[in-house]
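Student: Below you'll find the structure I mean.
Protein chains in written order, with this note's numbering: chain Y, 183 to 536; chain E, 183 to 536.
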């Protein structure tokens, strides 16, 4: 187990990001925590264990578990098992499991210890690092939550082996988003030159990809841990359009990453139309998404517009009541701007056939 | 409206503590917040308004409202009304209302603005300042919550006029606790010399009492905002015994302050028995509590011991599984110590009649 990155996050807390050599290395480290530990799995990651640890909560896999009822299940188990404030909650799974474990840890006795073991590419490069935890509420994504960085994030590439292609692409979309936001072009170049190795899930290439991706994320969040300075918000590139699509398609018809890929391309288009984004840059980035097979040409039906607009208006990035979108200027440079509703409609709705 | 104290609390956030001249002064200040505001009342404080503000949640008064269901009611209303991350939740009431408003504000969109208007003496000197918010869970007090200081705490002595004597004494117990923990004897002396003025609720005396009390609280919390250094925990004097009594009597048979008064006297006794507390000091402090009419000689029945011990064991102040008690050495000096179960039993149980 190697500590390869230390990120200083919300409230000055530090997250150690550690890479395990293999599953055995991972389990030795986890075993060292001792007894005062509560594990959170979902029905997928629970299967990875022949025998579950004594104190464990297994959530139904999927976004629908990101709710108050799952939260109460974890907290109840913590109380029943007499977990102390110096006890530890371990989230072992994808974004839903890590979000639930982190949110529960942040409020159990006003904060206990937290370790996250992300088992999807999406969670490795996104949810597990950065200290954001949340549940969905009233049909809206991540409406209720907290900032609570894990003290340790343990990454083991072996856990990616059983990931479906759809899940893998979900994560890759966030990696591409990070490549656009990066202050240098290294990650962008790896994505172009190592496409085949990435899709074949070559371990060394993936480690490189995850580390570079986390470096970008860290660059933004260390400057603005609780998203109050307008810097961290740039990581929401593609998420305003993306979340609205994800919400209107009832969480899961399209995966989070696929929606972010779609949303990023809509933001690139919007930027091009407004003269904010360099046209050549927008085209190159769109091509990169396409090369990995994302359905970025998808458009919503006219009948879905009202619901889509409704979800857009609930976005958390607001100023004076207007939703703000992250638009790219060029590599590594993004700005926050409101968009006219007419332009949004033009970008997301299927053109009428006659 | 005068800002009389600024406290730097959890995560470097500042709370402005402001005293209003009268209800009119208070309402002018509250009116200036504009529209993006959600109010939280309880059935008592809602009565103080001829007409409630347009966006308001009214909780049933009492400890039983400190639960997930009230939390969800506040959050639902916030979503329905489209409150933004730059919106404000105002808690107008006692400890329960302020705790619920603060906990909701801390997790709504991962944190929105918060103003607290404490309307009980207890809440003025305790819950409203310091950034601790929590709900009860599984029958245990304050098991789930967060650290989230209000940006403004507005105190208006006029709101104390309708307080019952029992409620008033609930708050006074925390004031006396602060007097013991103070680095000087000013507050202690006011309590002895101004007893009649205090019980008659003379406004000037009460302002003095609240300000001195908050100075003590601030001295402890500014050094240790999230209670990780063993300093802020001293403010829990009387609370380990007190919470166990409050929990076993099902929250409310005895008020919080009455339980804290009782618990502080048990801690003074424990310290005397162990030679930790100066005997003369313990006697003086016990006499001070008695002079205000607290039932500090109360003992639990033998049959209630198991439940009491169970609640004690759930206390959050634990080290290596052992519950820690705050014991006084002398004026302003406290220490954390585990106590033998036999001694605790001896201190809290009614002596057998034969």
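Where a beta carbon is used, it is the ideal one built from N, C-alpha and C, also for glycine.
Give the secondary structure of residue 342 of chain Y by DSSP, where H, G and I count as helix, E and B as strand, and everything else as coil.
Tutor: If you number the first chain from 1, residue 342 of chain Y lands on position 160. Of the three classes helix, strand and coil, the one that applies to residue 342 of chain Y here is helix, per DSSP.
Student: Name, going along the chain, the residues of the stretch 248-270 of chain Y whose beta-carbon falls closer than 8 angstroms to a beta-carbon of chain E.
Tutor: Listed by position along the chain: 250, 254, 257, 258, 261, 262, 264, 266, 267, 268.
Student: Is the stretch 273-284 of chain E in contact with the stretch 248-256 of chain E, if contact means three or more CB pairs nearer than 8 angstroms?
Tutor: Touching, yes, given that three or more Cβ pairs across the two stretches are closer than 8 angstroms.
Student: Given a threshold of 16 other Cβ atoms within 10 Å of its Cβ, counted over all protein chains shown, does residue 535 of chain E qualify as buried or as exposed?
Tutor: By 1-based counting over the second chain, the position of residue 535 of chain E is 353. Bear in mind that a pLDDT of 49 at residue 535 of chain E, under 50, signals an unreliable position, so the number given afterwards is only what the model happens to contain. So residue 535 of chain E counts as exposed.
Student: In the DSSP assignment, the alpha helix (DSSP H) including residue 296 of chain E goes from what residue to what residue?
Tutor: Against the second chain, residue 296 of chain E aligns to sequence position 114. Residue 296 of chain E -> not in any alpha helix (DSSP H); beta strand (DSSP E) instead, spanning 295-300.
Student: Locate the beta strand (DSSP E) running through residue 237 of chain Y, then write down its first and last residues.
Tutor: Here the question's residue 237 of chain Y lines up with position 55 in the first chain. Note, residue 237 of chain Y: premise wrong, no beta strand (DSSP E); not H, not E.
Student: Note the first and the last residue of the continuous beta strand (DSSP E) segment covering residue 275 of chain Y.
Tutor: One-based indexing of the first chain puts residue 275 of chain Y at position 93. Unbroken beta strand (DSSP E) run through residue 275 of chain Y: 270-275.
Student: Closer than 7 angstroms between beta carbons: that is the criterion. Which residues of the stretch 327-350 of chain Y meet it against chain E?
Tutor: Cβ contacts with chain E: 327, 328, 329.
Student: In the DSSP assignment, what residue or residues form a beta bridge with residue 446 of chain E?
Tutor: Position 264 of the second chain holds residue 446 of chain E. Answer is none; residue 446 of chain E lacks a bridge partner.
Student: From the beta carbon of residue 215 of chain E, is the nearest beta carbon of chain Y less than 8 angstroms away?
Tutor: Numbered from 1 along the second chain, position 33 holds the residue referred to as residue 215 of chain E. Closer than 8 angstroms: no.
Student: So which of Y:470, Y:475, Y:311 has the shortest CA-CA distance to residue 401 of chain Y?
Tutor: Position 219 of the first chain, counted from the start, is the residue given in the question as residue 401 of chain Y. Looking at the Cα atoms, Y:311 is the closest of the given residues.
Student: If you count every other CB in all the chains shown that lies within 10 Å of the CB of residue 349 of chain E, and 16 or more means buried, which is it?
Tutor: Looking up residue 349 of chain E in the second chain gives position 167. Per the 10 Å Cβ criterion, buried.
Student: Can you list the residues of chain Y that residue 288 of chain E reaches, using a CB-CB cut of under 9 angstroms?
Tutor: Residue 288 of chain E sits at position 106 when you count from the first residue of the second chain. Near residue 288 of chain E (Cβ distances below 9 angstroms), the residues of chain Y are 289, 328.
Student: Excluding sequence positions up to five away, which residues of its chain have a Cβ less than 7 angstroms from the Cβ of residue 447 of chain Y?
Tutor: The residue labelled residue 447 of chain Y in the question sits at position 265 within the first chain. Counting only Cβ-Cβ distances below 7 angstroms, and skipping sequence neighbours, we find 468, 471, 478.
Student: Residue range of the beta strand (DSSP E) that residue 489 of chain Y falls in?
Tutor: Here residue 489 of chain Y refers to the residue found at position 307 when the first chain is read from its first residue. First-last for residue 489 of chain Y: 487-495, but that is the alpha helix (DSSP H), not the beta strand (DSSP E).
Student: Return yes when the C-beta of residue 355 of chain E is under 7 angstroms from any heavy atom of the ligand GTP, and no when it is not.
Tutor: The model depicted lacks the ligand GTP and carries no ligand whatsoever.
Student: Are the C-beta atoms of residue 322 of chain E and some chain Y residue less than 8 angstroms apart?
Tutor: As a first step, residue 322 of chain E is located in the second chain; it is residue number 140 there, counting from the start. So yes, residue 322 of chain E belongs to the interface.
Student: Along the chain, where does the alpha helix (DSSP H) containing residue 400 of chain Y start, and where does it finish?
Tutor: For the purposes of this step, residue 400 of chain Y is identified with residue 218 of the first chain, where counting begins at 1. Looking at the DSSP string, the run of the alpha helix (DSSP H) that includes residue 400 of chain Y is 385-405.
Student: Return the chain-ordered list of same chain residues with a C-beta closer than 6 angstroms to the C-beta of residue 224 of chain Y, the five sequence neighbours on each side being excluded.
Tutor: Start at 1 with the first residue of the first chain, and residue 224 of chain Y comes out as number 42. Answer for residue 224 of chain Y: 241, 243, 275, 279, listed in chain order.
Student: Thinking just about the alpha-carbon of each residue, which of Y:324, Y:285, Y:299 is nearest to the one in residue 328 of chain E?
Tutor: On the second chain, position 146 is the one that residue 328 of chain E refers to. When only C-alpha atoms are compared, the closest one is Y:285.
Student: Tell me whether residue 202 of chain E sits in a helix, a strand or coil according to DSSP, three-state version.
Tutor: The residue labelled residue 202 of chain E in the question sits at position 20 within the second chain. Looking at residue 202 of chain E - three-state DSSP - the assignment turns out to be coil, as it is neither helix nor strand.
Student: Note down the Cα distance separating residue 201 of chain Y from residue 423 of chain E, rounded to an integer number of angstroms.
Tutor: Locating residue 201 of chain Y in the first chain gives position 19, counting from the first residue. Locating residue 423 of chain E in the second chain gives position 241, counting from the first residue. Rounded to whole angstroms, residue 201 of chain Y to residue 423 of chain E spans 45 angstroms at the Cα level.
Student: Spatial neighbours of residue 260 of chain E within its chain, please: C-beta separation below 6 angstroms, excluding the five flanking residues on both sides.
Tutor: Sequence index remark: in the second chain, residue 260 of chain E carries index 78 (1-based). Answer for residue 260 of chain E: 220, 290, listed in chain order.
Student: Can you give me the C-alpha to C-alpha distance between residue 524 of chain E and residue 451 of chain E, rounded to a whole angstrom?
Tutor: On the second chain, residue 524 of chain E is found 342 positions in, with the first residue counted as 1. On the second chain, residue 451 of chain E is found 269 positions in, with the first residue counted as 1. Approximately 14 angstroms between the Cα atoms of the pair.
Student: Taking 8 angstroms as the CB-CB limit, is residue 325 of chain Y close to chain E?
Tutor: Looking up residue 325 of chain Y in the first chain gives position 143. Taking Cβ atoms only, chain E reaches closer than 8 angstroms to residue 325 of chain Y, which makes this a yes.
Student: Where do the N-terminal and C-terminal ends of the alpha helix (DSSP H) with residue 324 of chain E fall, by residue?
Tutor: On the second chain, residue 324 of chain E is found 142 positions in, with the first residue counted as 1. Run containing residue 324 of chain E: none in the alpha helix (DSSP H); it sits in the beta strand (DSSP E), 322-329.
Student: Would you list, in chain order, the members of the stretch 292-305 of chain Y that have their beta-carbon closer than 8 angstroms to a beta-carbon of chain E?
Tutor: From the stretch 292-305 of chain Y, only 292, 293 have a Cβ closer than 8 angstroms to chain E.
Student: Can at least three beta-carbon pairs, one atom from the stretch 473-489 of chain Y and one from the stretch 452-462 of chain Y, be found at a separation below 8 angstroms?
Tutor: They do not touch, by the three-pair rule.
Student: Figure out for me which residue from Y:517, Y:394, Y:393 has the closest Cα to the Cα of residue 453 of chain Y.
Tutor: Here residue 453 of chain Y is taken as the residue at index 271 of the first chain, counted from 1. Nearest C-alpha to residue 453 of chain Y: Y:517.
Student: Using the DSSP secondary-structure output, state which residues sit across from residue 252 of chain E in a beta bridge.
Tutor: On the second chain, position 70 is the one that residue 252 of chain E refers to. Residue 252 of chain E is not bridged to any residue.
Student: Going by beta-carbon coordinates alone, are residue 357 of chain E and residue 307 of chain E separated by less than 8 angstroms?
Tutor: In the second chain, the residue the question calls residue 357 of chain E occupies position 175. In the second chain, the residue the question calls residue 307 of chain E occupies position 125. Taking 8 angstroms as the Cβ cut-off, residue 357 of chain E and residue 307 of chain E qualify as a contacting pair.
Student: For residue 193 of chain Y, decide whether its Cβ has a neighbour in chain E, counting only Cβ atoms nearer than 8 angstroms.
Tutor: Reading the first chain from its first residue, position 11 is the one you call residue 193 of chain Y. For residue 193 of chain Y, the answer is yes, since a Cβ of chain E falls inside 8 angstroms of its Cβ.
Student: By Cβ distance below 6 angstroms, which residues in the same chain neighbour residue 299 of chain Y in space, the five residues on each side in sequence not counted?
Tutor: Position 117 of the first chain, counted from the first residue, corresponds to residue 299 of chain Y. Correct list, in chain order: 274, 336.
Student: Should residue 316 of chain Y be flagged as near chain E, meaning a C-beta pair shorter than 8 angstroms?
Tutor: The residue given as residue 316 of chain Y occupies position 134 in the first chain. Interface residue, yes.
Student: In the structure shown, what three-state DSSP assignment does residue 290 of chain Y receive?
Tutor: By 1-based counting over the first chain, the position of residue 290 of chain Y is 108. The answer is strand: DSSP assigns residue 290 of chain Y an E or B state.
Student: Which of helix, strand or coil does DSSP assign to residue 261 of chain E?
Tutor: Here residue 261 of chain E is taken as the residue at index 79 of the second chain, counted from 1. Reduced to three states, the DSSP call for residue 261 of chain E is helix.
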